[in-house]
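Chemist:
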Amino acid sequence: MAQSRESFDFEGSTWIRKGGEPILDKKGKVIGKQPHYYESASNQYHKNDRLYIEPTADGKDIQLRQLQREGEHYKDVKIYDKYLNWTGNVDTIGNLPHLNPSDPNSVRFHVDYTDKFANERGYHFEKDGNGKTKTHTMNVDGESRAYTKSSDGKTMLLLGYTAVTQRDTYYKDLEANGKKIIYDRLLTNDDLTSEGICNARAPGTVMSGLGLKMTDTQVKEYGSMGVMIARASQEHGNTMIDADNPFGRKPSQMGVETLSANSFSKFGFEVPPKGIIYNDVRKPELPKRENADSDYAFAQKQRAYDEKIEARNQSSLDKVKPWVIDQIKQGNPVVVGGDFTGSGHVVTIVGFTPTGYIVHDSYGDRTKGYNASKTSGQFVHYPYGSFSLGYGYILKRKK
Numbered sequence: 001m002a003q004s005r006e007s008f009d010f011e012g013s014t015w016i017r018k019g020g021e022p023i024l025d026k027k028g029k030v031i032g033k034q035p036h037y038y039e040s041a042s043n044q045y046h047k048n049d050r051l052y053i054e055p056t057a058d059g060k061d062i063q064l065r066q067l068q069r070e071g072e073h074y075k076d077v078k079i080y081d082k083y084l085n086w087t088g089n090v091d092t093i094g095n096l097p098h099l100n101p102s103d104p105n106s107v108r109f110h111v112d113y114t115d116k117f118a119n120e121r122g123y124h125f126e127k128d129g130n131g132k133t134k135t136h137t138m139n140v141d142g143e144s145r146a147y148t149k150s151s152d153g154k155t156m157l158l159l160g161y162t163a164v165t166q167r168d169t170y171y172k173d174l175e176a177n178g179k180k181i182i183y184d185r186l187l188t189n190d191d192l193t194s195e196g197i198c199n200a201r202a203p204g205t206v207m208s209g210l211g212l213k214m215t216d217t218q219v220k221e222y223g224s225m226g227v228m229i230a231r232a233s234q235e236h237g238n239t240m241i242d243a244d245n246p247f248g249r250k251p252s253q254m255g256v257e258t259l260s261a262n263s264f265s266k267f268g269f270e271v272p273p274k275g276i277i278y279n280d281v282r283k284p285e286l287p288k289r290e291n292a293d294s295d296y297a298f299a300q301k302q303r304a305y306d307e308k309i310e311a312r313n314q315s316s317l318d319k320v321k322p323w324v325i326d327q328i329k330q331g332n333p334v335v336v337g338g339d340f341t342g343s344g345h346v347v348t349i350v351g352f353t354p355t356g357y358i359v360h361d362s363y364g365d366r367t368k369g370y371n372a373s374k375t376s377g378q379f380v381h382y383p384y385g386s387f388s389l390g391y392g393y394i395l396k397r398k399k
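According to UniProt numbering, numbering within the sequence shown proceeds without interruption in unit steps and concludes at 399.
Spelled out as structure tokens, the structure:
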């Protein structure tokens, strides 16, 4: 794309070339020009976004830098290469683009976004006569929802659910012990940080896809939906004081039903009746060797643990997996908690293939190692037998 181009279509908007005004010194002599940029039509905030074409950091190439709402509430995070590929991990500030199946520009943005990762991950979807990914719609709760699938129907992906990251997120400039945090829990150093908000990010992905948008005030206050939901959950957790939890509970210590009634409901959503599935086997604790344990006694503990883990894995495949796939077929993304890490993790399942789930994982790509690098967790493929799911649930708007 040449910078001299007067206009072009991108991300569902038409961008018009502007800028280039002369820069004058004190005597009125022209000493340069303002940089050229492209400005879009009004976005969802009735503001004009800007797109700058500029050299990369090493000066060897060019990139596109998008200033959303002219930088008023957003961080400079949306960077594209010269081929219009989104190079950032995810959008972290403000509202993410909502899919309107009746708006061709909206559909085009989400299909283009999906196609980028489909090509990287090896997913194959139906193509139309022009070689573009073919989309379908279904009626879910009186609304039109879009999806795509493979020609044989064995792969299916729900469109409109845009991945978000929980990494490096925080509330305003709130700090504790030299670290930026989400919530300062009084009288304890066990504060809520970005590492503990997966059970807000995952349902937030669903709520955003179903049309929830933060107000201007909420964008200024929280920055992102995950932070907003996490703080609402923690506010209720502060009231859950008992002998075992003298400072209340963190969201990770709260059940799905509790989160639904006291956090999700504040934003107009809930886990509906029969909208949740549980593994028949709870995750066992790792066996500890006591001083009095003989080798045989400890081996027995280890054997019992292994048998329970195997039973849990089987229940995940026999009970949870069919329910999740059925929900996807009905047009419902599924928030699941599972053994992705030693302490557990929550992700959003938005599709399936013959061999695994298509997942938005807010902490990155588990298959590449969460801590190896800040990998993108968008549309990652998690094989069915590589972990067990403890539960899964869907969200509906409250009636």
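Using N, Cα and C, we set each Cβ at its ideal position, and we do this for glycine too.
In this text the structure is predicted, and so the values were computed from the model without any measurement.
#1: Note the first and the last residue of the continuous alpha helix (DSSP H) segment covering L259.
#2: Can you tell me where the alpha helix (DSSP H) with S315 in it begins and where it stops?
#3: Taking the beta carbon of E72 as the centre, do at least 16 other beta carbons fall within 10 Å, making it buried, or is it exposed?
#4: Can you name the start and end residues of the beta strand (DSSP E) that T137 belongs to?
#5: For H36 and G59, which I take to be in contact (beta-carbon distance under 8 Å), what is that distance rounded to the nearest angstrom?
#6: Decide yes or no for the touch test of the segment 341-356 against the segment 227-240: beta carbon pairs closer than 8 Å, at least 3 of them.
#7: Compute the Euclidean distance between the alpha carbons of P97 and E285, then round it to the nearest angstrom.
#8: Rounded to whole angstroms, what is the Cα-Cα separation between P272 and G385?
#9: Considering only residues of the same chain and omitting the five flanking positions on each side of Q327, which have a CB-CB separation below 6 Å?
#10: Which partner residues of G32 appear in the DSSP bridge assignment?
#11: Can you pull the DSSP bridge partners for Q234?
#12: Would you call the CB atoms of Q253 and R201 closer than 7 Å?
#13: Helix, strand or coil for E6? Go by DSSP, reduced to three states.
#14: Please give the ranges of any beta strand (DSSP E) in the segment 177-223, keeping only runs that are unbroken, at least 3 residues long and fully inside the region.
#15: Touch check for the segment 189-204 and the segment 159-179: three-plus C-beta pairs under 8 Å?
#16: Out of G392, F387, V359 and P383, which has the shortest C-alpha to C-alpha gap to S376?
#17: Of the choices E310, T355 and W323, whose alpha-carbon is the least far from that of D339?
#18: Nearest to L317 by alpha carbon, out of N279, S343, L259 and V380?
#19: Using the three-state DSSP reduction, which class does A163 fall into: helix, strand or coil?
#20: Taking DSSP's pairing of strands, which residues face K127 in a bridge?
#21: What residues in its chain sit with their C-beta under 6 Å from that of V90, if we drop five residues either side in the sequence?
#22: Exposed or buried, S224, counting other C-beta atoms within 10 Å across all chains shown (16 or more means buried)?
#23: Between V320 and the rest of its own chain, which residues show a CB-CB distance below 7 Å, the 5 nearest in sequence each way excluded?
#24: Would you kindly work out how many angstroms separate the C-alpha atoms of F117 and E270, rounded to a whole number?
#25: When you compare each of K288, T205, W323 and Q314 to Q378 by their alpha carbons, which one comes out closest?
#26: Return the Cβ separation of Y183 and R231 in integer angstroms, given the expectation that the two are a contact with Cβ distance under 8 Å.
#27: Cβ of V346 within 7 Å of Cβ of D365?
#28: Name the one or two DSSP bridge partners that E270 has.
#29: Could you tell me which uninterrupted beta strand (DSSP E) segments, each at least 3 residues in length, are contained entirely in the segment 313-397, listed from first to last along the chain?
#30: Using the three-state DSSP reduction, which class does M156 fall into: helix, strand or coil?
#31: Using only CA atoms, which one of G369, P104 and W15 lies nearest to L51?
#32: Round the Cβ separation of P287 and K308 to the nearest angstrom and send it over; I've been treating them as touching at under 8 Å.
#33: Smallest Cα separation from Y222: which of N95, Y147 and D293?
#34: From D293 to A299, what does the alpha carbon distance come to, in whole angstroms?
#35: If I'm right that P383 touches G356 with Cβ under 8 Å, what's the distance once you round it to whole angstroms?
#36: CB C198 to CB S343, shorter than 7 Å?
Modeler: According to the structure data:
#1: V256 to N262
#2: D295 to S315
#3: Residue placement at E72 cannot be trusted, given a pLDDT of 48 that sits under 50; what the coordinates show is reported in the next sentence. Counting Cβ neighbours within 10 Å, E72 comes out exposed, since fewer than 16 surround it.
#4: H136 to V140
#5: Rounded, the Cβ-Cβ distance is 18 Å, inconsistent with contact.
#6: no
#7: 41 Å
#8: 28 Å
#9: V334 and I394
#10: I23
#11: Note: Q234 sits in no beta bridge, so no partner.
#12: no
#13: coil
#14: none
#15: yes
#16: V359
#17: E310
#18: N279
#19: coil
#20: T133
#21: Here the model assigns V90 a pLDDT of 47, short of 50, so the residue's position is not dependable, and the following value carries that caveat. The residues are A163, V164 and T165.
#22: buried
#23: I277, N279, L389 and G392
#24: 30 Å
#25: T205
#26: 6 Å
#27: no
#28: K396
#29: 334-338, 345-352, 356-360, 380-383 and 389-393
#30: strand
#31: W15
#32: Actually they do not touch by this definition, with Cβ atoms about 10 Å apart.
#33: N95
#34: 9 Å
#35: 4 Å
#36: no
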